[in-house]
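A.B. asks: Residue numbers (our numbering): 55 to 150.
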Amino acid sequence: MATEPNSARITGKVQGRHIILEGPLSKDEIRDTVWWWQIPDPRTSKEREDRGHAYDRSSRDVIATLGGYYEVPGDSRGPEAVELVEMLHSELGPGR
């Protein structure tokens, strides 16, 4: 998990899955990528579980930015998540 100093790229490991955020991205795109396991799925809950979308807090979910490492909160709409999305958006946004 690392960021490249001269590019709008942020990486992380969330729910055992490596994610890459490359800007510019909207806040919704950031939220959907970071909290991918919460994205509604038309399949049954059994199929979703088989695909690994069941949320498991036993591992630490982390986003790495130039400013450091940030833990990903479980609630994608809570205050900590809003702050994380705002920070990621400012690093990846079009005005960067």
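Ideal placement from N, C-alpha and C gives every residue a C-beta, glycine not left out.
1) Count the other CB atoms within 10 Å of the CB of Leu79; is the residue buried (16 or more) or exposed (fewer)?
2) In the DSSP assignment, find the unbroken beta strand (DSSP E) run with Leu142 in it and report its ends.
3) Quick one, are the C-beta atoms of Glu140 and Gly77 less than 9 angstroms apart?
4) Would you decide whether Gly66 is buried or exposed? Buried here means 16 or more other CB atoms lie within 10 Å of its CB.
5) Under 9 angstroms between C-beta atoms, does Gly77 make it to chain B?
6) Identify whether Arg73 lies in helix, strand or coil by the three-state DSSP scheme.
7) Assign Val126 to one of three DSSP states: helix, strand, or coil.
8) With distances taken between CB atoms, is the gap from Leu75 to Leu142 smaller than 9 angstroms?
9) Look up Ile93 in the DSSP assignment and say whether it is helix, strand or coil.
10) Using three-state DSSP, classify Arg114 as helix, strand or coil.
C.D. replies: For this structure:
1) buried
2) Element bounds for Leu142: not the beta strand (DSSP E) but the alpha helix (DSSP H), Pro133 to Leu146.
3) no
4) buried
5) Chain labels in this structure do not include chain B; a single protein chain is all it has.
6) Note on identity: in this sequence residue 73 is Ile, with Arg being the wrong assignment. Ile73 falls in the strand class under three-state DSSP.
7) coil
8) yes
9) coil
10) coil
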